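**Q** Got a structure for you, written out below as structure tokens; questions coming shortly.
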Amino acid sequence: AAKGDGRGIHRFYSDDMLAGAKSRKQLEDDLRTAVSDGAFHLAYQPVVSTKTARIVGYEALIRWTHPTRGNVSPADFIPIAEESGLIEGIGEWVLRTACLEAARWPGDIRVAVNVSPIQFANPALPALVTSALAHSGIAPGRLELEITEGVFLDETQSSDQMFKALKGIGVRLALDDFGTGYSSLGYLRNAPFDKIKIDQSFVKGAAQSGNRNAAIIKAIVTLADTLGMETTAEGVEIQDEIDLIRDLGCSHIQGYVYGRPAPADEVLVQLGGQAGIAKPSGFKVSRSP
Ligand code: C2E
Ligand code: MG
Ligand code: MG
Ligand code: MG
């Protein structure tokens, strides 16, 4: 049917696109069984306080080892999971697993979990969060839910109620990737965020002279301070950026400079090694003393 008039319509059904559509469908099928197959695991990336230079928490990031393709990036498969409805089951697994693994950490170390706008639109989310907390036994204040501006795009449902319900449970809320996409300051007006995560695109190059990113970070930090929110700079990769980000007043830093996302067992090693760490400048997460 697509061949129709024979003039170029085949462009829309090129071999590449057919292959792309097929592999997308294949990925979706594979995603369907990945939870039960145990093909997912969580990697944890440290979040460090600029005041104390200590790890105060970890962000849980999903990892998928595909049986034939190897590691597939969440940037590639989360959108497919969202479009196919599979994100609900995957998201539940992430939340429960992150809470259970965090239960093995010291009681003052937080865990941050990414929550898709699709999950956020589901009235069952607060019950799931309550259940994950109860099964793991971690205090609600140790769990931080990271949401993106995407949760505000669906005008038909009120996000206010969901915010209230989640804050009622006592979990923390962070606005992820701030400054990208559909950023609007209006989102900050009523939403009860505890933290703004400044997107890594603003951190990139911020330490170079004449770069405007530093001014933008400064403005976001000033705004967050006034609203009583913490700020995490994402994607900090080098020492120069640590110093700048601290000088700009960000309360937290997350990035390769302090550690790449690592398996749960590595977290225990990092936290065990934290006792010996003291100096703000030049502080690095060491494997063990
Ligand atoms: P995100 O939530 O903004 O997570 C931060 C991403 O930045 C992670 O990529 C992390 O590995 C990467 N990153 C951290 N530090 C640095 C750095 O210094 N330099 C650079 N270049 N990158 C850094 P990752 O793990 O590939 O995740 C990509 C995105 O996929 C996440 O962005 C998040 O939107 C989504 N995602 C990951 N795990 C989950 C999950 O469990 N559920 C949902 N719904 N989405 C997830
Ligand atoms: Mg995140
Ligand atoms: Mg982010
Ligand atoms: Mg991101």
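Count along the sequence shown from 1, then add 502; that gives the number in full-length UniProt numbering. Positions of the beta carbon are idealized from the N, C-alpha and C atoms, including for glycine. The structure presented is a predicted model; accordingly, all values stated were derived computationally and were not measured.
Determine the burial state of R612: buried for a count of at least 16 other Cβ atoms within 10 Å of its Cβ, exposed for fewer.
**A** Locating residue 612 in the sequence shown gives position 110, where the first residue counts as 1. R612 should be labelled buried.
**Q** So is the beta-carbon of L699 under 7 Å away from any non-hydrogen atom of ligand 3?
**A** Here residue 699 refers to the residue found at position 197 when the sequence shown is read from its first residue. Looking at the sequence itself, residue 699 is Lys, so the reference to Leu does not match. The answer is yes for K699.
**Q** Between A726 and G609, what straight-line distance do the alpha-carbon atoms span, to the nearest angstrom?
**A** The count along the sequence shown starts at 1 and reaches residue 726 at position 224. The count along the sequence shown starts at 1 and reaches residue 609 at position 107. Spanning the two alpha carbons is a distance of roughly 26 Å.
**Q** Which same chain residues, not among the five before or five after I747, have their C-beta less than 8 Å away from its C-beta?
**A** In the sequence shown, the residue the question calls residue 747 occupies position 245. So the qualifying residues of the chain are T552, V705, A708, I719, A735, V738, I755.
**Q** So, for E648: in the same chain, excluding its five sequence neighbours on each side, which residues have a beta-carbon less than 6 Å away from its beta-carbon?
**A** For the purposes of this step, residue 648 is identified with residue 146 of the sequence shown, where counting begins at 1. Same-chain partners within the cutoff: A614, N616, A676, D678.
**Q** Using only CA atoms, which one of E584, A577, P581, W595 lies nearest to D539?
**A** Here residue 539 corresponds to residue number 37 of the sequence shown, with the count starting at 1. Comparing Cα-Cα distances from D539 to each of E584, A577, P581, W595, the minimum goes to W595.
**Q** Look at the alpha carbon of A693 and the alpha carbon of T632, and state the distance between them as a whole number of angstroms.
**A** Taking the first residue of the sequence shown as position 1, residue 693 is located at position 191. Taking the first residue of the sequence shown as position 1, residue 632 is located at position 130. When rounded, the distance between both Cα atoms is 20 Å.
**Q** Buried or exposed for R691, please, with buried defined as at least 16 other CB atoms from any protein chain shown within 10 angstroms of its CB.
**A** For the purposes of this step, residue 691 is identified with residue 189 of the sequence shown, where counting begins at 1. Exposed is the call here.
**Q** What did DSSP end up calling F704 once you bin it into helix, strand or coil?
**A** Indexing the sequence shown from 1 puts residue 704 at position 202. If DSSP states are grouped into helix, strand and coil, F704 belongs with the helices.
**Q** On a CA-only basis, which of A562, I582, G639, I698 is nearest E530? Give me that one, please.
**A** The residue given as residue 530 occupies position 28 in the sequence shown. E530 has its Cα closest to that of I582, out of A562, I582, G639, I698.
**Q** Roughly how many angstroms separate the alpha carbons of G751 and A555, rounded to a whole number?
**A** Position 249 of the sequence shown holds residue 751. Position 53 of the sequence shown holds residue 555. C-alpha separation (whole angstroms): 13 Å.
**Q** Does chain D have any CB closer than 8 Å to the CB of L635?
**A** Among the chains of the structure shown, chain D does not appear; only one protein chain is present.
**Q** Considering only heavy atoms of ligand 3, does any lie closer than 7 Å to the CB of I739?
**A** Here residue 739 corresponds to residue number 237 of the sequence shown, with the count starting at 1. Correcting the residue identity first, residue 739 is Glu in this sequence and not Ile. Incorrect: E739 has no Cβ contact closer than 7 Å to ligand 3.
**Q** Going by the DSSP bridge assignment, what does W566 pair with across the sheet?
**A** Along the sequence shown, one-based indexing puts residue 566 at 64. Paired residue(s): F542, V574.
**Q** Identify, in the order they occur along the chain, each residue of the same chain with its Cβ nearer than 6 Å to the Cβ of I698, setting aside the five sequence neighbours on each side.
**A** As a first step, residue 698 is located in the sequence shown; it is residue number 196 there, counting from the start. Only L677, F680, A726, M731, T733 meet the Cβ criterion.
**Q** Does the beta-carbon of E743, which I'm using as the reference point, lie nearer than 7 Å to any heavy atom of ligand 3?
**A** Within the sequence shown, the letter at position 241 stands for residue 743. It does not: the Cβ of E743 is nowhere closer than 7 Å to a heavy atom of ligand 3.
**Q** If I'm right that A667 touches P628 with Cβ under 8 Å, what's the distance once you round it to whole angstroms?
**A** In the sequence shown, counting from the first residue as 1, residue 667 sits at position 165. In the sequence shown, counting from the first residue as 1, residue 628 sits at position 126. Between P628 and A667 the Cβ distance is about 4 Å, and since that is below 8 Å, they are a contact.
**Q** Between P619 and V653, which are expected to be in contact by the criterion C-beta below 8 Å, what is the C-beta distance as a whole number of angstroms?
**A** Here residue 619 is taken as the residue at index 117 of the sequence shown, counted from 1. Here residue 653 is taken as the residue at index 151 of the sequence shown, counted from 1. Yes, they are in contact, since the Cβ atoms of P619 and V653 sit about 5 Å apart, within 8 Å.
**Q** Name the residue from F665, D662, W607, V673 whose alpha carbon lies nearest to the alpha carbon of A634.
**A** Indexing the sequence shown from 1 puts residue 634 at position 132. Among F665, D662, W607, V673, the Cα nearest to that of A634 is on V673.
**Q** Run the proximity test for G593: is its beta-carbon closer than 7 Å to any non-hydrogen atom belonging to ligand 1?
**A** On the sequence shown, residue 593 is found 91 positions in, with the first residue counted as 1. Yes, the beta carbon of G593 sits closer than 7 Å to at least one heavy atom of ligand 1.
**Q** Report yes if the C-beta of D679 is less than 7 Å from at least one heavy atom of ligand 1; otherwise report no.
**A** Along the sequence shown, one-based indexing puts residue 679 at 177. Of the heavy atoms belonging to ligand 1, at least one sits nearer than 7 Å to the Cβ of D679.
**Q** Output needed for V574: all residues of its chain with C-beta closer than 6 Å, excluding positions within five of it in sequence on either side, in chain order.
**A** Taking the sequence shown and counting its residues from 1, one reaches residue 574 at position 72. The residues are W566, H568.
**Q** Can you give me the start and stop residues for the beta strand (DSSP E) that V612 sits inside?
**A** If you number the sequence shown from 1, residue 612 lands on position 110. One point to set straight first is that residue 612 is Arg, not Val, in the sequence displayed. Its beta strand (DSSP E) spans residues 612-616.
**Q** Between the alpha carbons of L630 and G572, how many angstroms are there, rounded?
**A** By one-based count along the sequence shown, residue 630 stands at place 128. By one-based count along the sequence shown, residue 572 stands at place 70. For L630 and G572, the distance between alpha carbons rounds to 30 Å.
**Q** On the premise that Q547 lies in contact with P765, defined as a C-beta separation below 8 Å, what is that separation, rounded to the nearest angstrom?
**A** What you label residue 765 is simply residue 263 of the sequence shown in a count that begins at 1. What you label residue 547 is simply residue 45 of the sequence shown in a count that begins at 1. Their Cβ separation, rounded to whole angstroms, is 11 Å, which puts P765 and Q547 out of contact at 8 Å.
**Q** How about residue 795 and L533: are their beta carbons less than 8 Å apart?
**A** The displayed coordinates of the chain run from 503 to 791. Any statement about residue 795 would go beyond what the structure contains.
**Q** Are the CB atoms of Y760 and V558 nearer to each other than 8 Å?
**A** Along the sequence shown, read from residue 1 onward, the residue named residue 760 stands at position 258. Along the sequence shown, read from residue 1 onward, the residue named residue 558 stands at position 56. Against a cut-off of 8 Å, the Cβ pair of V558 and Y760 comes out as no contact.
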